[in-house]
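Input: a single structure, listed below in C-alpha cells.
Numbering (the numbering used here), first residue to last: 990 to 1170.
Encoded structure:
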C-alpha cells in the first residue's frame, strides 16, 4: 500500500493522510513502469510523451529511458509540442477550466476547486506544464482510474497511475523539458 500526505496548496495548514492500493497489478505488462532502450537525441532528464503509443519516457543516461504507460487526450483534445515543468504539487487542488464546465455542467460545484484526495481527478501528484512562461493548463498527473492507462480518454492531460506519478514526481525537478509527440 502506498501512503500519501496531503499538504493543501494555497497556504492551507490542514494535513490529511490518504491511503490507496497500488493499481499496476491489473495493468497490461507493456504499460507497467520499466527501463527500456532509448535511441532519441534528447538529453537525460527530458520527458518524452508518445501519445500514439501512450507512453511517457524519462530519458536516462546511456541510451536508456524509464517508460511509463499513460492515458492521453481523447479525440479533439490531444496536443503536441514542447513545455517545461514550472510547478509541482502533492495531492493538488483541481480547478476544472470553464470550457470543461461548459461541456459538463455537473462540474460547476468545483469551479472554485476540489481539494486534493483520492477522488480528485489529478490524483496523488501533478506536474504543471508551461510554455513561454504561461500555464498551458495541461498537466502530467495521477489518476485513480487505472483502466484509463493506455487509453485516449482525457481532456488533454497526461495521466499515470498514482504509484507512477509519485515515482516520476520524485525524479524530475522544476525546469524539466517535456516534449509531447
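Here a beta-carbon is modelled for each residue, glycine too, at the ideal position from N, C-alpha and C. Remember, predicted model here, so these are calculated numbers, not experimental data.
Do you know offhand how far residue 1161's Cα is from residue 1034's? About 7 Å.
Keeping to the same chain, check which residues put their C-beta closer than 8 Å to that of residue 1170; ignore five residues upstream and five downstream. Excluding positions up to five away in sequence, the list reads 1037, 1038, 1039, 1040, 1041 and 1069.
Should the stretch 1046-1054 be called in touch with the stretch 1082-1095, which here means at least 3 C-beta pairs below 8 Å? Taking a cut-off of 8 Å for Cβ pairs, the stretch 1046-1054 and the stretch 1082-1095 do not touch, as fewer than three such pairs fall below it.
In the DSSP output, what is residue 954 paired with across the bridge? Nothing about residue 954 can be reported from this structure: the residues present for the chain run from 990 to 1170 only.
Thinking C-alpha only, which one of 1117, 1084, 1072 and 1058 is nearest residue 1104? Considering only 1117, 1084, 1072 and 1058, the residue with the shortest C-alpha distance to residue 1104 is 1084.
Along the alpha helix (DSSP H) that carries residue 1156, what are the first and last residues, could you check? In this chain, the alpha helix (DSSP H) harbouring residue 1156 covers 1151-1160.
Element boundaries [beta strand (DSSP E), containing residue 1054]: Start and end: 1053-1058.
Candidates 1053, 1015, 1032 and 1058: which alpha carbon is nearest residue 1167's? The candidate whose alpha carbon is nearest that of residue 1167 is 1032.
Cα-Cα separation between residue 1144 and residue 1086, rounded to whole angstroms: About 10 Å.
Label residue 1082 either buried or exposed according to how many other C-beta atoms from any shown protein chain fall within 10 Å of its C-beta, with 16 as the threshold for buried. Looking at its Cβ environment, which holds 16 or more other Cβ atoms inside 10 Å, residue 1082 is buried.
If we ignore side chains and look at the alpha-carbon of each, how far apart do residue 1022 and residue 1055 end up? Straight-line Cα distance between these residues: approximately 7 Å.
Own chain partners of residue 1142 with C-beta closer than 7 Å, once the 5 adjacent residues on each side are dropped: The residues are 1060 and 1063.
Around the Cβ of residue 999, are there at least 16 other Cβ atoms within 10 angstroms (buried) or fewer (exposed)? Its pLDDT being 34, under 50, residue 999 is placed unreliably by the model, and nothing is read from it.
Taking all protein chains shown into account, decide if residue 1100 is buried (16 or more other Cβ within 10 angstroms of its Cβ) or exposed. Answer is exposed; the Cβ neighbour count stays below 16.
Name the two residues that bound the continuous beta strand (DSSP E) containing residue 1138. DSSP places residue 1138 in no beta strand (DSSP E); its state is neither H nor E.
Inter-residue CB distance, residue 1016 and residue 1138 (contact presumed, cutoff 8 Å): Contact between residue 1016 and residue 1138 holds, with the beta-carbon distance rounding to 6 Å and staying under 8 Å.
Just the Cα atoms here: how many angstroms apart are residue 1165 and residue 1116? C-alpha separation (whole angstroms): 10 Å.
Which of helix, strand or coil DSSP assigns to residue 1029: Reduced to three states, the DSSP call for residue 1029 is coil.
Among the candidates 1163, 1150 and 1122, whose CA atom is the shortest distance from the CA of residue 1057? Nearest option by C-alpha distance: 1150.
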